[in-house]
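Working notes, structure below.
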């Protein structure tokens with residue numbers, strides 16, 4: 007998918023920057039070439055300010071997406087989800103962040119979550135960054151139960167796990 011998007015914007019680096027931003031934030035482009043968070047329209051000037059580019063680049067990007075069927079199928083169906091990482095401690099939850107050696111290798115998430123399940127640790131939320139959209143992708147796991155030291159040591163020994171962070 008990212009290769010298709012990248013190819014479409016290969017001659018437009020600032021539009022590519024906008025497209026990556028929209029994709030990474032789950033912001034949609036609708037039939038009117040408006041950028042939306044679900045049904046809430048986001049002014050193009052606000053996105054331009056965040057990205058430190060001219061608003062017309064955001065306009066052109068949204069129009070290009072709307073006018074290209076493949077792009078529109080992707081960008082008109084994006085969605086967001088509530089991510090509990092930054093509020094977990096305030097609501098009595100625990101956060102485990104797994105940094106992989108190579109996020110494109112299969113099995114890391116499955117092995118980590120299987121180990122937690124074996125130990126009876128319920129997972130409230132698990133979010134894995136897309137290695138094509140994020141420079142240093144991580145797996146973030148939110149749990150109800152604090153993860154003990156011996157379990158952390160076992161998780162560190164899982165093939166492909168580079169680092170664990172808890173808070």
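Residue numbers (the working numbering): 7 to 173. Backbone N, C-alpha and C define an ideal beta-carbon position, used for all residues, glycine too.
When the distance is taken between beta carbons, is residue j closer than 7 Å to residue i?
{"i": "residue 131", "j": "residue 148", "result": "yes"}
{"i": "residue 101", "j": "residue 167", "result": "no"}
{"i": "residue 69", "j": "residue 25", "result": "no"}
{"i": "residue 128", "j": "residue 150", "result": "yes"}
Rounded to whole angstroms, what's the CA-CA distance from residue i to residue j? Just pull it up for me.
{"i": "residue 115", "j": "residue 171", "result": "15 Å"}
{"i": "residue 137", "j": "residue 143", "result": "5 Å"}
{"i": "residue 174", "j": "residue 84", "result": "Residue 174 is absent from the structure shown; the chain starts at 7 and stops at 173."}
{"i": "residue 37", "j": "residue 72", "result": "6 Å"}
{"i": "residue 7", "j": "residue 51", "result": "27 Å"}
{"i": "residue 121", "j": "residue 99", "result": "19 Å"}
{"i": "residue 153", "j": "residue 106", "result": "19 Å"}
{"i": "residue 169", "j": "residue 48", "result": "37 Å"}
{"i": "residue 58", "j": "residue 155", "result": "44 Å"}
{"i": "residue 163", "j": "residue 96", "result": "30 Å"}
{"i": "residue 165", "j": "residue 135", "result": "18 Å"}
{"i": "residue 41", "j": "residue 173", "result": "34 Å"}
{"i": "residue 82", "j": "residue 43", "result": "11 Å"}
Taking C-alpha atoms, which residue in the options lies nearest to residue i?
{"i": "residue 10", "options": "89, 79, 133", "result": "79"}
{"i": "residue 124", "options": "144, 88, 161", "result": "161"}
{"i": "residue 29", "options": "91, 87, 53, 139", "result": "139"}
{"i": "residue 87", "options": "35, 77, 133", "result": "133"}
{"i": "residue 45", "options": "58, 35, 173", "result": "35"}
{"i": "residue 141", "options": "119, 164, 110, 165", "result": "110"}
{"i": "residue 13", "options": "94, 169, 74", "result": "74"}
{"i": "residue 145", "options": "41, 155, 58, 113", "result": "113"}
{"i": "residue 89", "options": "155, 159, 31, 163", "result": "31"}
{"i": "residue 118", "options": "53, 27, 56, 159", "result": "159"}
For residue i, which of helix, strand or coil comes out of DSSP?
{"i": "residue 39", "result": "coil"}
{"i": "residue 95", "result": "helix"}
{"i": "residue 45", "result": "coil"}
{"i": "residue 19", "result": "helix"}
{"i": "residue 61", "result": "helix"}
{"i": "residue 100", "result": "strand"}
{"i": "residue 165", "result": "coil"}
{"i": "residue 55", "result": "helix"}
{"i": "residue 68", "result": "helix"}
{"i": "residue 33", "result": "coil"}
{"i": "residue 172", "result": "strand"}
| Okay, do the segment 58 to 76 and the segment 15 to 25 touch, 3+ Cβ pairs below 8 Å being the bar? | A contact exists between the segment 58 to 76 and the segment 15 to 25.
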